[in-house]
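**Q** Following my numbering, the numbering of the sequence shown begins with 1 at its first residue and continues without gaps.
If you scroll down you'll find the structure; I have some questions about it.
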Amino acid sequence: MYDGELLNASIENEAGAVVAALNGHTWGGCCEVLNLWVHEDLRGAGVGSALMQAAEQEAVGRGCDQIVLWTHSFQAPKFYEKLGFQRLAPIPEYPIGHESIIYIKHLT
Numbered sequence: 001m002y003d004g005e006l007l008n009a010s011i012e013n014e015a016g017a018v019v020a021a022l023n024g025h026t027w028g029g030c031c032e033v034l035n036l037w038v039h040e041d042l043r044g045a046g047v048g049s050a051l052m053q054a055a056e057q058e059a060v061g062r063g064c065d066q067i068v069l070w071t072h073s074f075q076a077p078k079f080y081e082k083l084g085f086q087r088l089a090p091i092p093e094y095p096i097g098h099e100s101i102i103y104i105k106h107l108t
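And the structure:
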């Protein structure tokens, strides 16, 4: 049975422009974060962490006991590890010259 529900969050600046966004979905007791983007001027300022924390709280509210996501070795693996995510599976040479990494965080 598919019980999926979209999960979206964004942050706007004073002018109303989106400066950070997260999207994903919840289903089967799991939250999957598909995309997290933070404007480069705000990276390191806690904006991405705030969006991930909001997603985690929403996931718990929806009855999820884990969050899963994919990232690449050239993106932000250390960011997710700092948030308590555990490396579940590396996928070497995807894309060529890099690796994709599946992360999981247990919420309960």
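Beta carbons are placed, not taken as given, at the ideal position from N, Cα and C, and that holds for glycine.
(1) Using only the alpha-carbon positions, how far apart do asparagine 13 and valine 38 sit?
(2) Apart from the five residues just before and just after phenylalanine 74, which ones in its own chain have a Cβ nearer than 6 Å to its Cβ?
(3) Can you look up glycine 24 in the DSSP assignment and give me helix, strand or coil?
(4) Go ahead and pull the three-state DSSP assignment for tyrosine 80.
(5) Secondary structure at alanine 45, three-state DSSP: helix, strand or coil?
(6) Check alanine 89 in the structure and name its three-state DSSP category.
(7) Would you tell me roughly how many angstroms separate the C-alpha atoms of threonine 26 and leucine 34, rounded to the nearest one?
(8) Just mark threonine 71 as buried or exposed, buried being the case when its beta carbon has 16 or more other beta carbons within 10 Å.
(9) Applying the criterion that 16 or more other CB atoms from any shown protein chain within 10 Å of the CB defines a buried residue, is alanine 45 buried or exposed?
**A** In this structure, then:
(1) 12 Å
(2) His98
(3) strand
(4) helix
(5) coil
(6) strand
(7) 11 Å
(8) buried
(9) exposed
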